[in-house]
Each structure stands twice: as C-alpha cells, then as structure tokens.
Amino acid sequence: WLGAAGRQPGGMVLLVDGVERLQNTHHAADADGWVDAALAWIPRRLPHGVRIVVTCDMNRVSPALRQRMGGEVMGREVDEKEQDKDEQVGEEEGEEQKWAMVAIGPLSECGVEGMLEAGLQRMRKGMTREQRQRVVSRRQCGTPLFLALLLEELRLHPLYETLDARLDELLASSDATHLTCRMLERAEADVQRWAEEGAGVERDAVANVLAVVCAAGAGAG
2 WLGAAGRQPG GMVLLVDGVE RLQNTHHAAD ADGWVDAALA WIPRRLPHGV
52 RIVVTCDMNR VSPALRQRMG GEVMGREVDE KEQDKDEQVG EEEGEEQKWA
102 MVAIGPLSEC GVEGMLEAGL QRMRKGMTRE QRQRVVSRRQ CGTPLFLALL
152 LEELRLHPLY ETLDARLDEL LASSDATHLT CRMLERAEAD VQRWAEEGAG
202 VERDAVANVL AVVCAAGAGA G
C-alpha cells in the first residue's frame, strides 16, 4: 500500500512523533531487541514518493536507537541537495536510504509571539502588552509543549482580574513537567471544591484518574 500511496499526486508523508517512547521495557535487557521490535514496521527502503518524518528527544534515546536511525549524521547539517542525492542513490541502486538528521532548537522570541498570538485568538482571550512580554521573555516558553500547556491553563482561568497572579505562578515553573504538576494541583482543588458544592463529583477523581494512567504500561488512551 505504501507503493500505491507514493504514486498518488503529492505522494505520502508519514509522521511518527516521539519515537523514543516506543522503547519497550520488556526488552530492556536487550537494547537491540526492542529497537528491532519497535521500529521493524518502518521500511528500510521506501517506495518513490513516500517520506517518513520521525521526531524524538535525543536526550532520552539509547545508542541502539541512534544507530538504527542513522546516528552517524548526528550533529551535521544536511542540505536539500545532499538529501536529494542520498535519496536518488537509494532509489537507483536499491541501497538502504539514509536519515537526514535535523536538530530542532527552542522557539525564537518571534516564534513564541506567533504561537502566543494564535493561541489567544483561538481561545478568544486577551493579554496586556506587559503580560505578553513576560511570556515571550521566559526561556521555558521557547519549548512548544510548555507554551501549549501554559495557553491551555490560561484558557481555563475564569477571571481576568486574577490572570496576572496566575500567570506569575505558571511562569515560575521550570519546565513542562513542573508546569503539569501545577495544572494537576489546580484541577484537584477545583474537583474538591465542586464536590463540597454538591456537584456530583468524587473528591478523589483526579487521583483516581492518575492512578489508572500510572498503572497502564503505556499510558491510558
């Protein structure tokens, strides 16, 4: 079916996000084993017109996975001409195609401004110039996940009058993990308040949901 998809106008692009999460703990004793099991479905030779884009956190990737993805080109920029040449060689001679490795850094201030503005427009929310500048100037906001979580929490904040104080609390988070903890604390406080008001929810609803996620081997879908 990949060959048929590649013959369609425009071809096909497959996106695999967070490939390091495919590392199977059942194969922890044999790194090469879980790499083969987790990535065996990715063809080493792609039909013409088919491309695969894989994203991963290189700080969490094992040496075996680096090698499988073509670790020999890590840290080296690959321009479009060189990439096209590699792909043509693989197609013409039937050789295994190389991966073009591209390191993605944090968002620039312009990128943060653009993502912030798009998020506020989508949520139909407003922020003062000073509040926007505080977001743009924070290093952690250069991480798209952190900024997306921040926007989601601001979307749920009910009062504009207390937005400034809440923004300070959220921006005090050092990274996305710390920010997620603050969001869960807020969710737990909300649920407990609703339970006291007789809204028909359990006081431990957040803890129960997190227990299920923790018990699931690969999270809860």
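Okay, so the sequence shown: first residue is 2 according to the numbering used here, each after it adds one.
Using N, Cα and C, we set each Cβ at its ideal position, and we do this for glycine too.
Per DSSP, the continuous alpha helix (DSSP H) segment holding V214 begins and ends at A206 to A216. When the five nearest sequence neighbours on each side are left out, the beta carbons in the same chain lying within less than 7 Å of the beta carbon of A177 are those of T144, L146, F147 and L150, in order along the chain.
With 16 or more neighbouring CB atoms inside 10 Å of its own CB, C142 falls in the buried class. About 10 Å separates the beta carbons of V54 and V20, which is beyond the 8 Å limit, so they are not a contact pair.
For the region 155-213, the continuous alpha helix (DSSP H) assignments of 4+ residues that do not extend past its boundaries occur at 164-172 and 177-197, in sequence order. Judged by DSSP secondary structure, R52 falls within the beta strand (DSSP E) whose first and last residues are V51 to V55. For L108, the secondary structure class from DSSP, reduced to helix, strand or coil, is coil. Of the other Cβ atoms in all chains shown, fewer than 16 fall within 10 Å of the Cβ of S138; this residue is therefore exposed.
Comparing C-alpha distances from A101 to each of R204, R52, V214 and A216 shows the shortest one belongs to R52.
In this structure, L164 keeps its C-beta atom at 9 Å or more from the C-beta atom of R183. Excluding its 5 nearest sequence neighbours in each direction, V202 has C-beta neighbours in its own chain below 8 Å: V192, W195 and A196, listed in chain order.
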